[in-house]
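**Student:** One structure is given below, represented as structure tokens, and several questions about it will come after.
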Amino acid sequence: DTGVSQNPRHKITKRGQNVTFRCDPISEHNRLYWYRQTLGQGPEFLTYFQNEAQLEKSRLLSDRFSAERPKGSFSTLEIQRTEQGDSAMYLCASSPPAGYEQYFGPGTRLTVT
Amino acid sequence: GQQVMQIPQYQHVQEGEDFTTYCNSSTTLSNIQWYKQRPGGHPVFLIQLVKSGEVKKQKRLTFQFGEAKKNSSLHITATQTTDVGTYFCAGRSSNFGNEKLTFGTGTRLTIIP
């Protein structure tokens with residue numbers, strides 16, 4: 059399977075704990091995006107990487123959220139001191155260098171209890 | 046900030062009937078994309094429109110971009126059960142230096158066999 063993969067697929071955590079999600083984009087896709095989607099809503103943009111450089115961050119990305127893409131391949135999204143309002147599906151997408159379409163992964167569903 | 050609204054929020058149609066969803070942006074867009082998300086799935090890219098007044102067709106699907114580049118529509122002719130899902134438009138506000146896609150609120154299509 060050469061699509062975008064995300065791990066874990068589901069995460070249940072207690073309020074106040076830290077969580078980290080991983081995204082592996084399609085090989086050779088230089089652009090990578092993180093989104094958050096809640097039930098009945100469209101994906102909300104969180105951040106964007108071109109290769110290893112984080113070029114855009116949404117105001118939604120509070121200081122508790124941090125994302126990295128250290129070698130320009132996989133990316134991680136960390137949420138510190140989770141809150142119940144962080145419960146959502148976290149989607150990763152990637153785009154090829156010469157393309158504009160975004161290929162989404164299956165997402166990581168986070169539940170904060 | 047940029048807002049993208051879609052109407053209707055829900056649409057139930059008999060199989061074989063037509064379906065249309067409308068997308069309106071609060072700001073002028075450089076381009077607009079459409080995605081389909083099946084229940085329990087992730088968004089899948091359908092098409093991108095760039096030019097003012099552009100119309101593109103994919104089999105039974107017709108996509109339009111408004112003259113002012115602030116609105117768009119997706120029309121499906123003779124719906125089939127495979128068309129079930131939520132259709133999102135997603136717009137970019139400028140071509141360069143801004144990779145952020147703002148997704149619409151989505152239109153959820155259900156088909157009555």
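Sequences listed follow chains L and H, in order. The opening position of the first sequence corresponds to residue 59 in this note's numbering, with each subsequent residue numbered one higher. The opening position of the second sequence corresponds to residue 46 in this note's numbering, with each subsequent residue numbered one higher. Backbone N, C-alpha and C define an ideal beta-carbon position, used for all residues, glycine too. Keep in mind the model is a prediction, meaning the values are calculated, not measured.
1. State the beta-bridge partners of Phe-121/H as determined by DSSP.
2. Does the count of Cβ pairs from the stretch 73-83 of chain L and the stretch 49-57 of chain H closer than 8 Å reach three?
3. List, in chain order, every chain H residue whose beta-carbon is nearer than 8 Å to that of Pro-66/L.
4. When DSSP labels each residue in this structure, what does Gln-93/H get in the three-state scheme?
5. State yes or no: is the beta carbon of Pro-101/L nearer than 8 Å to at least one beta carbon in chain H?
6. Please confirm whether Tyr-148/L has its beta-carbon closer than 8 Å to some beta-carbon of chain H.
7. How about Thr-107/H: is its C-beta nearer than 8 Å to some C-beta of chain L?
8. Three-state secondary structure (DSSP) at Thr-126/H?
9. Ser-117/H: which of Thr-107/H, Asp-128/H and Gly-130/H sits nearest, CA to CA?
10. Ignore the nearest five residues each way along the sequence and tell me which others in Gly-157/L's own chain have a CB closer than 8 Å to its CB.
11. Judging by CA-CA distance, which residue of Glu-86/L, Glu-141/L and Leu-119/L is the nearest neighbour of Tyr-106/L?
12. Should Gln-125/H be labelled buried (16 or more other beta-carbon atoms within 10 Å of its own) or exposed?
**Tutor:** If we stick to the structure as given:
1. The sequence given here places Ile at residue 121/H; Phe does not occur at that position. Bridge partners of Ile-121/H: Phe-64/H and Leu-106/H.
2. no
3. Ordered by position in chain H, no residue passes the 8 Å Cβ test against Pro-66/L, which lies about 15 Å from the chain.
4. strand
5. yes
6. no
7. no
8. helix
9. Thr-107/H
10. none
11. Leu-119/L
12. exposed
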